[in-house]
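Let me begin by presenting the structure, written as structure tokens, before commenting on it.
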Amino acid sequence: MPRQEVPEERHPRLSIPTTDRLLLGTASSASVGFCLGSVQGGQTAQLRFRAEHAHKMPDTTTGWYLYHKSKNYHTMNGGMREGFRMGAKTGFWSFVALSLESTVDRYRGSSDMFSTIVATLSVAGAFSLWPARTAKYGLLFGLAYGGIQDVVGLARGRPIGYVELIRRRFGGSGGSVAESPEVEP
């Protein structure tokens, strides 16, 4: 069977094609997750090592050298382990969110912040089985990220679905929303 090509978008989000945006978004969030996870994991491993060895502190200079050497090894090991774990989690969930955003865009036929809100709320719900706080953060992130994308898109001349709807509804391509047409009784 011949390979199906993904249809090219007329106005891609952030002027980056969907496949590239998925790759860049996933890689960057996995990198940030790795950095944050390695810092957190290193600190946790260091505190755990100190707690486990508090009863047998060294007495000699050589003992202190070996103590710190072992502590640093455990810190690095714990940091790397937690970094890879956190990087995989953040990379996976951002890939799901960006994929869902693209899917909702294609289904709706327009790319605007509502697709981003649907995607981020869906992922927040799937991640946490819908605690209210996480859903609120998902909504806020969706509003902020989708709004930024729409502002950038408007500045570059990309048609935004709800803006076009408002323009059609209230008449005129350049008029403001406040100028509504007169309705006769």
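According to numbering that gives the first Met the number 0, the sequence shown holds residues 0 to 184 in order. All C-beta atoms, glycine included, are put in the ideal place defined by N, C-alpha and C. As the structure is a computational prediction, the values presented were derived from the model and not from experiment.
Point to revise | Unbroken stretches of the alpha helix (DSSP H), 4 residues or longer, contained in the segment 125–160 | key: DSSP runs (the alpha helix (DSSP H)) wholly in the segment 125–160: 131–154.
Check your understanding: Thinking C-beta only, is GLY41 closer than 8 angstroms to GLY77?
Key -> yes
Check your understanding: Alpha carbon to alpha carbon, how far is ALA87 from LEU46?
Key -> The alpha-carbon atoms of ALA87 and LEU46 are separated by roughly 24 angstroms.
**Study point:** Closest Cα partner of LEU138 within the set ILE147, ALA125, ALA118
**Key:** ALA118
Practice item. Report the residue from THR74, ARG157, GLY32, SER121 whose alpha carbon sits nearest the alpha carbon of SER188. Key: Since the displayed the chain opens at 0 and closes at 184, residue 188 lies outside it and no answer follows.
Review point. Taking the alpha-carbon positions, what's the SER98 to THR115 distance?
Key: 10 angstroms
Review point. DSSP three-state call for GLY108: helix, strand or coil?
Key: Shown here, GLY108 sits in coil according to DSSP, grouped into three states, outside any helix or strand.
Review point. Where does the unbroken alpha helix (DSSP H) through ASP19 begin, and where does it stop?
Key: Unbroken alpha helix (DSSP H) run through ASP19: 17–51.
Point to revise | Rounded straight-line distance, which links the Cα of GLY170 to that of VAL122 | key: 36 angstroms
Point to revise | Integer Cβ distance of LEU13 from VAL162, believed to fall under 8 angstroms | key: Contact doesn't hold; Cβ gap of about 17 angstroms is too wide.
Practice item. Reducing DSSP to helix, strand and coil, say where GLY77 ends up. Key: helix
Practice item. In angstroms with no decimal places, state the Cα-to-Cα distance between THR60 and HIS52. Key: 17 angstroms
**Study point:** Reduced DSSP category for THR59 - H, G, I as helix; E, B as strand; rest coil
**Key:** coil
Check your understanding: Can you give the Cα-Cα distance for ASN71 and PHE48, rounded to whole angstroms?
Key -> 9 angstroms
Practice item. Check VAL182 in the structure and name its three-state DSSP category. Key: Confidence at VAL182 is low in this model, with a pLDDT of 49, below 50, so the placement of that residue is unreliable and no value is reported for it.
Check your understanding: When you compare each of LEU120, ILE15, GLN39 to PHE140 by their alpha carbons, which one comes out closest?
Key -> LEU120
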